[in-house]
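Colleague: I have a structure here, written as structure tokens, and I will follow up with some questions on it.
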Amino acid sequence: MSHIDVDEMITRSCVHAVLAQAEGTESNNLTNILMALLPNLLFHEVEAGYEYTTDLMIIHGCDPNAGDTSGQTPLSLAAIHGHQDIVLMLLNRGSDLEARDNNGQTPLSLAAANGHWGIVQLLLNRGSDIEARDNNGQTPLSLAAIRGHWDIVQLLLNRGSDLEARDNSGKTPLSLAAANGHQAVVELLAQSKLP
């Protein structure tokens, strides 16, 4: 058994024990009890990729749209870390598709910036705003271009993302890709500009 499996087993046991204890109390506010006993556990579970305990905590009242100190929600964290199954579960449990962190980035922006093609596709299929701009005026296409994620740039272009979108500095996805040395992305964007 791997170390991660042992960690998940311990976490599952702790969550089950806390929930069992909370259910026996007069107060029915399981969220407050759970979060008081295990601070930031929901965010830890999402980051670690523990779908079962994340789902269990949400079923028992943890807010799927709660933000941490940087404004990131569980959905944002799942998008950053590439946990597609958790993204799907959170969407099915009512997570806000367009929640923004303190930088103005949506889960789609974060998935695009971090190279998670499957999550980008899932969020687009669910209706995420393909042109959502962060505090720097950058769209998901701009963020994917900056990081050189060719496959995501192609997906976003195929879905109609604005090739000429300029950020707050006046830079397009093409100029951002060029500035960061991503030649394959530059070529893809340049070819997309041709009639």
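In terms of the UniProt record's numbering, the sequence shown opens at residue 1 and continues consecutively. Even for Gly, the Cβ is constructed at its ideal location relative to N, Cα and C.
Give the range of the alpha helix (DSSP H) segment to which K171 is assigned.
Modeller: Careful: K171 lies outside any alpha helix (DSSP H) and carries neither H nor E.
Colleague: Distance check for Y50 and residue 239, CA to CA, integer angstroms please.
Modeller: Beyond the ends of the chain as shown, which are 1 and 195, falls residue 239; an answer cannot be given.
Colleague: Alpha carbons only, please: which of L88, G82 and P173 is nearest the one belonging to P64?
Modeller: Out of L88, G82 and P173, L88 has the C-alpha closest to the C-alpha of P64.
Colleague: Under 9 Å between the Cβ atoms of A132 and L176?
Modeller: Against a cut-off of 9 Å, the Cβ pair of L176 and A132 comes out as no contact.
Colleague: I need the DSSP call for E187, collapsed to helix, strand or coil.
Modeller: Helix, per DSSP.
Colleague: On the CB-based measure, 16 or more other CB atoms within 10 Å of its CB, does I86 come out buried or exposed?
Modeller: It counts as buried.
Colleague: Just tell me which of P74, I59 and R166 has its CA closest to the CA of L97.
Modeller: When each option's Cα is compared against that of L97, the closest is P74.
Colleague: So for D63, helix, strand or coil by DSSP?
Modeller: Coil.
Colleague: For T53 and D101, I'd like the C-alpha separation in whole angstroms.
Modeller: Going by the C-alpha atoms only, they are around 23 Å apart.
Colleague: So, with DSSP's three-state summary, where would you put L110?
Modeller: Residue state, collapsed to three classes: helix.
Colleague: Just how far apart, CA to CA, sit I152 and I119?
Modeller: Rounded to whole angstroms, I152 to I119 spans 10 Å at the Cα level.
Colleague: Where W117 and G71 are concerned, what is the direct C-alpha to C-alpha distance, given to the nearest angstrom?
Modeller: Straight-line Cα distance between these residues: approximately 23 Å.
Colleague: Please classify I80: is it buried, with 16 or more other beta-carbons within 10 angstroms of its beta-carbon, or exposed?
Modeller: By the 10 Å Cβ count, I80 comes out buried.
Colleague: Sorted by chain position, which residues of the same chain lie with C-beta nearer than 7 Å to R126's C-beta, five sequence neighbours on each side aside?
Modeller: Cβ within range, chain order: L91 and L97.
Colleague: Near A66, which residues of its chain fall below 8 Å by C-beta distance, leaving aside the five closest residues on each side in sequence?
Modeller: Taken in chain order, the residues that qualify are L42, T73 and P74.
Colleague: Could you give the C-beta distance for residue 231 and N180, rounded to a whole number, given that I count them as a contact under 8 Å?
Modeller: Residue 231 falls outside the range modelled here, since the chain spans only 1 to 195, and no answer is possible.
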